[in-house]
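Colleague: Quick note, the sequence shown lines up with residues 57 to 165 if you use the numbering used here. Even for Gly, the Cβ is constructed at its ideal location relative to N, Cα and C. All values reported here derive from a predicted model rather than from experimental measurement.
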Amino acid sequence: MLNISMAIYNIASGLLFVGISIPLYKERIKMNYLYGVRFSQSFKSDENWYKINKYGAKRMMIWSIPLFIIGVIILFLPPLNEFWMILSLLSPCIVVIPAIESYLFSKKI
């Protein structure tokens, strides 16, 4: 049962992050303080806002793929395979990677 819960958690998280990223990638979200990649450089101009958010959304979508794949793999493993369970517990940390990449990108603008 724990396997299925962890699999659903990872699959849902991957899909959620992609869903949240799509409007940002398509430049449909105007500058705001609640939703988007919000670094000080993002707020300097509309051009920066869209450029940084598009980059951040793309990176988030890319890094959501391993999260989704981990969930699918866990569905088909024998219950409590320790390696995949540990990986599954660490997988939410994957969202930190695109945040760091976006921050470094914002510093280049």
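1. Quick check: the Cα distance between F139 and E103, rounded to an integer number of angstroms?
2. Let me check understanding here. Comparing Cα to Cα, which of Y65, N66, M62, V151 lies closest to M117?
3. Rounded to the nearest angstrom, what separates I76 and V93 at their Cα positions?
4. Using the Cα positions of S96 and S147, report the straight-line distance between them to the nearest angstrom.
5. Less than 6 Å between C-beta atoms, sequence neighbours within five positions excluded: which residues of the same chain meet that for M62?
6. Check whether the Cβ atoms of C71 and S120 sit closer than 9 Å, and answer yes or no.
7. Under 8 Å Cβ to Cβ from I85, same chain only, skipping five residues before and after it: list those, please.
8. My parser needs the alpha helix (DSSP H) runs of 4 or more residues fully inside the stretch 105 to 159; what are they?
9. How is K163 classed by DSSP in three states: helix, strand or coil?
10. Could you have a look at F99 and say whether DSSP puts it in helix, strand or coil?
11. What is the DSSP secondary structure of V93, reduced to helix, strand or coil?
Modeller: Taking the coordinates as given:
1. For the purposes of this step, residue 139 is taken as residue 83 along the sequence shown, with counting starting at 1. For the purposes of this step, residue 103 is taken as residue 47 along the sequence shown, with counting starting at 1. In this structure, the straight-line span from the alpha carbon of F139 to that of E103 is close to 44 Å.
2. Position 61 of the sequence shown, counting from 1, holds the residue named residue 117. Here the closest residue by C-alpha is V151.
3. For this step, residue 76 is matched to residue 20 along the sequence shown. For this step, residue 93 is matched to residue 37 along the sequence shown. Between I76 and V93, the C-alpha separation is close to 11 Å.
4. On the sequence shown, residue 96 is found 40 positions in, with the first residue counted as 1. On the sequence shown, residue 147 is found 91 positions in, with the first residue counted as 1. C-alpha separation (whole angstroms): 28 Å.
5. Within the sequence shown, the letter at position 6 stands for residue 62. Counting only Cβ-Cβ distances below 6 Å, and skipping sequence neighbours, we find I130, S144.
6. As a first step, residue 71 must be located in the sequence shown, where it is residue number 15. As a first step, residue 120 must be located in the sequence shown, where it is residue number 64. Reading off the sequence, residue 71 comes out as Leu, not Cys. Between L71 and S120, the gap from beta carbon to beta carbon is short of 9 Å.
7. Taking the sequence shown and counting its residues from 1, the one referred to as residue 85 is at position 29. Once the five neighbours on either side are set aside, the close Cβ partners of I85 are P79, Y91, G92, N109.
8. 138 to 146
9. Numbered from 1 along the sequence shown, position 107 holds the residue referred to as residue 163. In the structure shown, K163 sits in a helix (DSSP, three-state: H, G or I).
10. Residue 99 sits at position 43 when you count from the first residue of the sequence shown. In the structure shown, F99 sits in a helix (DSSP, three-state: H, G or I).
11. Along the sequence shown, read from residue 1 onward, the residue named residue 93 stands at position 37. Coil, per DSSP.
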